[in-house]
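Undergrad: Please read through the structure below; I'll follow up with questions.
Numbering (the numbering used here), first residue to last: 239 to 324.
What follows is the structure, given as C-alpha cells:
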C-alpha cells in the first residue's frame, strides 16, 4: 500500500488481528520502538538496524478500518485477476 513503510508486526498484521480476533490484541501493550527510517528499503533488513523488539514500524495507527480497506483492495485485485483469466 503506497505510503506504508516496510514493517513487521505493525500496521498490517495488527489491523487484521483487530478485524478478525480483537480479543487477542492489547493495544495498551504496544511497544513504540521502531527501526530508524533510512529513506529507502533494504530487504532483508540488516540485523544491526532492527531494534530488540523486532519491530520495523509502529502499530499505533492500526485499526479494523484499515483491515477493511486492505480486504476490499485484495478482493478487488483477486476478482480482477480471475476475470482476466476466465
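Note that the Cβ used here is the ideal one computed from N, Cα and C, for glycine as well.
Determine whether the beta carbon atoms of residue 295 and residue 253 lie at a separation below 9 Å.
TA: No.
Undergrad: So what does DSSP say about residue 303, is it helix, strand or coil?
TA: helix
Undergrad: Could you compute how far the alpha carbon of residue 291 sits from the alpha carbon of residue 308?
TA: Answer to the nearest angstrom: the Cα atoms are 25 Å apart.
Undergrad: Hey, residue 257 and residue 302: beta-carbon distance below 9 Å or not?
TA: Contact flag set, yes.
Undergrad: Assign residue 300 to buried or exposed, taking buried as 16 or more other Cβ atoms, counted over all protein chains shown, within 10 Å of its Cβ.
TA: buried
Undergrad: Within this structure, are the beta carbons of residue 293 and residue 261 separated by less than 9 Å?
TA: no
Undergrad: What's the C-alpha gap between residue 298 and residue 322?
TA: Cα-Cα distance, rounded: 38 Å.
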